[in-house]
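Chains as they are written, first to last, in this note's numbering: chain X, 2 to 231; chain V, 2 to 231.
Structure first, then comments.
Protein chains: 2
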Amino acid sequence: MLKANSRVSPFVVERLTKYYMYLRMISSSTTGQWISSKEIAAALELTSSTVRQDISYLSEYKGISKRGYHINDLVSTLEAVIGISTPCSAVIIGAGNFGRALLLHQEFRKQGFVITSIFDANPQLIGTKIDDYTIQCISELSAVIQKQAITVGIVAVPAEAAQDVADKLVTAGVTGILNLSVTMLHVPEYVALVNSRIIIDLMKLSFQITSIKNNGNNILSADEGRSYGN
Amino acid sequence: MLKANSRVSPFVVERLTKYYMYLRMISSSTTGQWISSKEIAAALELTSSTVRQDISYLSEYKGISKRGYHINDLVSTLEAVIGISTPCSAVIIGAGNFGRALLLHQEFRKQGFVITSIFDANPQLIGTKIDDYTIQCISELSAVIQKQAITVGIVAVPAEAAQDVADKLVTAGVTGILNLSVTMLHVPEYVALVNSRIIIDLMKLSFQITSIKNNGNNILSADEGRSYGN
DNA sequence: TAGATTGTTAATCGATTAACAATC
DNA sequence: TAGATTGTTAATCGATTAACAATC
Chain X
2 MLKANSRVSP FVVERLTKYY MYLRMISSST TGQWISSKEI AAALELTSST VRQDISYLSE
62 YKGISKRGYH INDLVSTLEA VIGISTPCSA VIIGAGNFGR ALLLHQEFRK QGFVITSIFD
122 ANPQLIGTKI DDYTIQCISE LSAVIQKQAI TVGIVAVPAE AAQDVADKLV TAGVTGILNL
182 SVTMLHVPEY VALVNSRIII DLMKLSFQIT SIKNNGNNIL SADEGRSYGN
Chain V
2 MLKANSRVSP FVVERLTKYY MYLRMISSST TGQWISSKEI AAALELTSST VRQDISYLSE
62 YKGISKRGYH INDLVSTLEA VIGISTPCSA VIIGAGNFGR ALLLHQEFRK QGFVITSIFD
122 ANPQLIGTKI DDYTIQCISE LSAVIQKQAI TVGIVAVPAE AAQDVADKLV TAGVTGILNL
182 SVTMLHVPEY VALVNSRIII DLMKLSFQIT SIKNNGNNIL SADEGRSYGN
């Protein structure tokens, strides 16, 4: 799906996912079927060069001179490359506020992540229900992962417990981990790891606010860190 | 607090916040008072050069040859630069699962973000309670922000409504916005904006999983995107 | 003192952008 | 056909790293 032996940078990966989100968003509303690199770039505050180069990583996809990219085709190509098309099963570890919110978050299922179970270590929570889910004891984690062939673990436990949970997940055989805890997790390189820490983002916000206050303007050069992504 | 007229890149900002999180974590447990750039680098999977150069942006702080950095001093310096030391008041717009989870998330208060109110547009929700908070109607947003001198808005509404909410926040006078919706928000440059979209992160995870499956290894070069940050 | 570690300058590396021939 | 837009190569820009004199 990606050009043979091309190793893409995390920057490219991030942008490709944004193209996907953006194109899917406009594909429902827009009248035209085609979009140019220039238009995508304008919407996402990038240059058209960057957009064209990113899209050129997709080996099975070509734009057409003068017309641009066929929106629906590009969406399906990105869907395949990102792997949205094959739904994968996930479990959440940690039934705190975050874990609960994610469990109930509709968007996850839409993106192809089916959450099958939620675990916690707190005996008081085990056996209680959230929606249709019964909170299970973390001691059952490995067994459930193996029996149900779960591929993704979402780590929503306090920092102290996070590495331990990650080790259990890896041993049980997940292929990806979404880390919501504020720790650095160490996992073998054959396991995908993405860190998503809202606390870090809060601090970045705080930093920007502080520097705007002190300098009268945003210390971040140009519009970086302020656009669609950051 | 930062060296005069130095514009730091978003990369530096991100790492500075990580140094802060890491040092605060170890400051409670560690026995020694000092830490070297080499040790910080090892913990966060960076080079010591990067760490030293980042820290050198902090005008009021100097390390000491042969000893390194005084942990507590560095923590307080970073606290001041990031602006953690001055708590700021925030409101949440959107009382869906995400909004609720954030409202109840203890860590926010610890980081100096005091959430004073939560808003929603859905008439059925308005007036109902979450913990001690009563969900308010979004039509009251501007008045509340101005009366209570709120400085941060946390946007947790669906994509379609996000820009509208952001405009209201800006007009009402917030200085920072944390965007949790999957849209690109446009705000004037004197307003700090950080995007924190778990859906994008989920897709990055999906992408990595897919490429590990296809290539037998992680397509992301080296350990990038897999460490403390990404 | 000797040696470890800093702060900073210069070199390297890699991401982004400009440019342009190919083409629909 | 003329002109818009692609895919790709080469140039630029900026982030990271190496190197090292200063120093505790």
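Beta carbons: idealized from backbone N, C-alpha and C, even for Gly.
- Contact of V:Gln149 with chain X is not assigned, every C-beta pair being separated by 9 Å or more.
- Along the stretch 182-203 of chain V, the positions whose C-beta sits under 7 Å from a C-beta of chain X are Val183, Met185, Glu190, Tyr191, Ala193, Leu194, Val195, Asn196, Ser197, Ile199, Ile200, Ile201, Asp202 and Leu203, read in chain order.
- Take V:Ile146, set aside five residues on each side of it, and the residues of its chain with a beta-carbon closer than 6 Å to its own are Ala173, in chain order.
- Between V:Ala91 and V:Val153 the beta-carbon gap is near 4 Å, inside 8 Å, which marks them as a contact.
- Comparing C-alpha distances from X:Asp121 to each of X:Gln112, X:Val156, X:Tyr70 and X:Arg110 shows the shortest one belongs to X:Val156.
- Under the Cβ distance rule, V:Lys214 counts among the residues neighbouring chain X, one pair being separated by less than 9 Å.
- Neighbours of X:Arg101 across chain V, judged by C-beta separation under 7 Å: Ala102.
- Under the Cβ distance rule, V:Val14 counts among the residues neighbouring chain X, one pair being separated by less than 9 Å.
- Chain-ordered listing is empty here: chain X has no CB closer than 8 Å to the CB of V:Phe120, the nearest sitting near 17 Å.
- Distances from the CA of V:Ile85 to each of V:Ser37, V:His71 and V:Phe114 were compared; the closest alpha carbon is that of V:Phe114.
- For X:Lys19, the neighbours in chain V by C-beta distance under 8 Å run, in chain order, Ile201.
- Among the residues facing chain X, V:Gly177 is included, as its CB has a counterpart in that chain under 9 Å away.
- The C-beta of X:Ala160 comes closer than 9 Å to at least one C-beta of chain V.
- Contact of V:Ala44 with chain X is assigned, a C-beta pair being separated by under 9 Å.
- When the five nearest sequence neighbours on each side are left out, the beta carbons in the same chain lying within less than 8 Å of the beta carbon of V:Gln34 are those of His71, Ile72 and Asn73, in order along the chain.
- Here X:Gln137 carries a strand assignment [DSSP, helix/strand/coil].
- Residue-level contact by beta carbon holds for X:Gly84 and chain V, with a gap shorter than 9 Å.
- The residue among V:Met26, V:Leu45 and V:Asp55 with its C-alpha nearest the C-alpha of V:Val14 is V:Asp55.
- A direct Cα-to-Cα measurement between V:Glu161 and X:Ile151 gives close to 33 Å.
- A contact between stretches requires three or more CB pairs, one per stretch, nearer than 8 Å, and the stretch 35-42 of chain V fails this requirement with the stretch 94-109 of chain V.
- Distances from the CA of V:Gln137 to each of V:Ile94, V:Pro159 and V:Glu190 were compared; the closest alpha carbon is that of V:Ile94.
- In this structure, V:Ile178 places its C-beta atom within 9 Å of the C-beta atom of V:Val192.
- Positions of the beta strand (DSSP E) runs, each at least 3 residues long and wholly inside the stretch 139-205 of chain X, are given as 153-156, 177-180 and 193-196 in order along the chain.
- Taking 4 residues as the minimum length, the alpha helix (DSSP H) runs contained wholly in the stretch 68-146 of chain X are 72-83, 98-105 and 107-111, in order along the chain.
- Taking each of X:Val175, X:Val171 and X:Leu186 in turn and checking the Cα distance to X:Ala163, the smallest one comes out for X:Leu186.
- When the five nearest sequence neighbours on each side are left out, the beta carbons in the same chain lying within less than 8 Å of the beta carbon of X:Ile131 are those of Ala96, Arg101, Leu104, Leu105 and Ile119, in order along the chain.
- Residues of the stretch 22-37 of chain V whose Cβ lies closer than 9 Å to any Cβ of chain X, in chain order: Met22, Tyr23 and Met26.
- In the three-state scheme derived from DSSP, where H, G and I count as helix and E and B as strand, X:Leu47 is classed as coil.
- Residue-level contact by beta carbon holds for V:Val153 and chain X, with a gap shorter than 9 Å.
- Boundaries of the alpha helix (DSSP H) around V:Lys19: Pro11 to Ser30.
- The Cβ of V:Gln112 sits closer than 9 Å to at least one Cβ of chain X.
- As DSSP reads the structure, X:Ile36 sits in a beta bridge with X:Tyr70.
- Per DSSP, the beta bridge partners of X:Ile65 are X:Gly69.
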